[in-house]
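Colleague:
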Ligand SMILES: *Cc1c(COP(=O)(O)O)cnc(C)c1O
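Residue numbers (this note's numbering): 530 to 903.
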């Protein structure tokens, strides 16, 4: 490697995402700016229709964020104080935060060491008479096979809510995530595979009654005009975000495929090193929101890569049960050993649809040099 002039390898490239769409996006945004039709509006319904069709469900409802999508989904199912919702200790904070926000109790199970996802085999033992829903997470872009959870939900009369924030477009069993459970929750935070120009989120469902309830909840609890049937939220997608998202959506499958190819290069060119990857059985399962490598040298590797201009980051260094606001759930360190181990040992290498060979070679070369020196 040349000295003194390292490449900078970033995690996102918004110029690339807008390359083919900037002119029509700006034209529509300009018209909206001058019309004053900023919130919800036809632009939002157009994107909701397109997203529902893309996911393969009947309804999609735009909200302020992925976190709100989860909160509104839970409330639409009447989940609150006295109820329990089962999720996984290895996830982004917002999954568990949303449950806590409704007043329900967050019940955790551990992750699996091979694919870093919810350990489905631990769910049944966590079910109590108060359990209302199971909330699995398609983490890092990898779709969790929900077959056995669907079966559990039927047997115990529970709802299934999918946290799809990191996996827009991923498929499992031929279906897109977000179309399998009762409700799917998506985030379009700028870091996600389908990125808005700010915060935005979406609730997907094929249940008309749930859709009706979410529509009211996002609009001050108003189910009919001027009648506030319940305390709702103010959580509506705005037109500017919907314009950006509607123009990007047609590219999502192609971008996910490019992420996949990038991941394959990392996997094959780093396969002989002392690092592990998130295992995945079928290509269509993984849309590689993040590319995780697992190594006991995590901190040293991160420092080394960052010093070489490579934007490697840790997601997430502290599992849910060890975060301060969840202390009163009473979980101890050691209770979810796999989630704790992953929190200590995983590192994300930069992955973008537009990464070029020079960048890939630079990241691969840097990781290899680190292990050669170690
Ligand atoms: C990003 C994310 C969320 C929250 O989405 P926001 O739009 O940031 O509120 C929820 N769950 C997971 C797994 C996420 O990655």
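The beta-carbon is built from N, C-alpha and C at its ideal position, and this holds for glycine as well.
Just verifying my parser: in three-state terms, what is the DSSP assignment at residue 743?
Modeller: Helix at residue 743.
Colleague: Taking 7 Å as the line, does the beta carbon of residue 766 fall inside it for any heavy atom of ligand 1?
Modeller: Every heavy atom of ligand 1 is 7 Å or more from the Cβ of residue 766, so no.
Colleague: For residue 769, count neighbouring Cβ atoms within 10 angstroms of its own Cβ and tell me buried if that reaches 16, exposed if not.
Modeller: Classification of residue 769: buried, given that the 10 Å Cβ count is 16 or more.
Colleague: Under 6 Å, CB to any heavy atom of ligand 1. Which residues pass, going along the chain?
Modeller: For ligand 1, the selected residues are 594, 595, 596, 620, 621, 623, 624, 666, 692, 694, 695, 716, 718, 728, 730.
Colleague: Please report the distance separating the alpha-carbon of residue 859 from that of residue 649.
Modeller: One C-alpha to the other measures close to 22 Å.
Colleague: For residue 752, collect the residues of the same chain with a Cβ closer than 6 Å to its Cβ; drop the 5 residues on either side in sequence, then sort them by chain order.
Modeller: Hits under 6 Å: 745, 758.
Colleague: Tell me which same chain residues have a C-beta within less than 7 Å of the C-beta of residue 531, skipping the five on either side of it?
Modeller: Confidence at residue 531 is low in this model, with a pLDDT of 48, below 50, so its placement is unreliable and no value can be given for it.
Colleague: When you compare the CB positions of residue 671 and residue 646, do they come within less than 8 Å of one another, or not?
Modeller: Yes, the pair counts as a contact, with Cβ atoms nearer than the cut-off.
Colleague: Confirm, please, whether the CB-CB distance from residue 734 to residue 664 is below 8 Å.
Modeller: Cβ atoms of residue 664 and residue 734: not closer than 8 Å.
Colleague: Let me check understanding here. Comparing Cα to Cα, which of 536, 855, 690, 635 lies closest to residue 731?
Modeller: Nearest of 536, 855, 690, 635 to residue 731, Cα basis: 690.
Colleague: Are residue 819 and residue 880 close, meaning C-beta to C-beta below 8 Å?
Modeller: Yes, Cβ-Cβ distance for residue 819 and residue 880 is below 8 Å.
Colleague: Quick one: Cα of residue 850 to Cα of residue 862, how far?
Modeller: The alpha-carbon atoms of residue 850 and residue 862 are separated by roughly 8 Å.
Colleague: What would DSSP say about residue 692, mapped onto helix, strand or coil?
Modeller: Of the three classes helix, strand and coil, the one that applies to residue 692 here is strand, per DSSP.
Colleague: Could you tell me whether any Cβ in chain C is nearer than 8 Å to the Cβ of residue 614?
Modeller: As a matter of chain content, chain C is missing from the structure shown, which is built from one protein chain.
Colleague: What did DSSP end up calling residue 716 once you bin it into helix, strand or coil?
Modeller: The answer is strand: DSSP assigns residue 716 an E or B state.
Colleague: How far does the beta strand (DSSP E) with residue 804 in it reach, from first residue to last?
Modeller: Neither: residue 804 is in no beta strand (DSSP E) and is coded neither H nor E.
Colleague: Could you name the residues that DSSP lists as bridge partners for residue 877?
Modeller: Bridge partners of residue 877: 821, 842.
Colleague: Report the three-state DSSP secondary structure of residue 597 (helix, strand or coil).
Modeller: DSSP places residue 597 in helix when its eight states are reduced to three.
Colleague: With H, G and I counted as helix, E and B as strand and the rest as coil, what does DSSP make of residue 864?
Modeller: Coil.
Colleague: Which residues in the same chain as residue 788 place their Cβ atom closer than 6 Å to its Cβ, once the five residues preceding and following it in sequence are excluded?
Modeller: Taken in chain order, the residues that qualify are 817, 880, 882.
Colleague: Given this structure, state the Cα-to-Cα distance separating residue 662 from residue 641, to the nearest angstrom.
Modeller: Their Cα atoms are separated by approximately 20 Å.
Colleague: Per DSSP, what kind of secondary structure is residue 609 in: helix, strand or coil?
Modeller: In this structure, residue 609 counts as coil in the three-state DSSP scheme.
Colleague: Closest by CA to residue 714, which one among 538, 893, 667?
Modeller: Looking at the Cα atoms, 667 is the closest of the given residues.
Colleague: Got a sec? Which residues, its chain only, sit under 6 Å from residue 705 by beta carbon, not counting five neighbours each side?
Modeller: Only 584, 585 meet the Cβ criterion.
Colleague: Can you grab the Cα-Cα spacing for the pair residue 600 / residue 902, in whole Å?
Modeller: Whole-angstrom Cα-Cα distance: 47 Å.
Colleague: For residue 637, name the three-state secondary structure that DSSP assigns.
Modeller: Strand.
Colleague: Cβ atoms of residue 605 and residue 756: under 8 Å apart, would you say?
Modeller: No, the pair does not count as a contact, with Cβ atoms beyond the cut-off.
Colleague: Judging by CA-CA distance, which residue of 628, 677, 631, 626 is the nearest neighbour of residue 651?
Modeller: Nearest C-alpha to residue 651: 677.
Colleague: Just mark residue 596 as buried or exposed, buried being the case when its beta carbon has 16 or more other beta carbons within 10 Å.
Modeller: Buried: at least 16 other Cβ atoms inside 10 Å.
Colleague: Among 603, 562, 626, which has the Cα closest to the Cα of residue 854?
Modeller: The shortest Cα separation from residue 854 among 603, 562, 626 belongs to 626.
Colleague: How big is the Cα-Cα spacing for residue 572 and residue 771?
Modeller: Those two C-alpha atoms are separated by around 6 Å.
Colleague: Mapping DSSP to helix, strand and coil, what is residue 755?
Modeller: Correct three-state label for residue 755: coil.
Colleague: Just to confirm my understanding: we take residue 581, look at its own chain, exclude 5 residues before and 5 after, and list those with CB closer than 7 Å. What are they?
Modeller: For residue 581, where only same-chain residues beyond five positions count, the Cβ hits under 7 Å are 587, 588, 589, 733.
Colleague: Tell me which residues share the same chain as residue 568 and place their Cβ nearer than 6 Å to its Cβ, disregarding the 5 neighbours each side in the sequence.
Modeller: Within the same chain, residue 568 has close Cβ partners 765, 767.
Colleague: Between the C-alpha atoms of residue 739 and residue 622, what's the straight-line distance to the nearest angstrom?
Modeller: Computed Cα separation, rounded: 25 Å.
Colleague: On the CB-based measure, 16 or more other CB atoms within 10 Å of its CB, does residue 884 come out buried or exposed?
Modeller: Buried is the call here.
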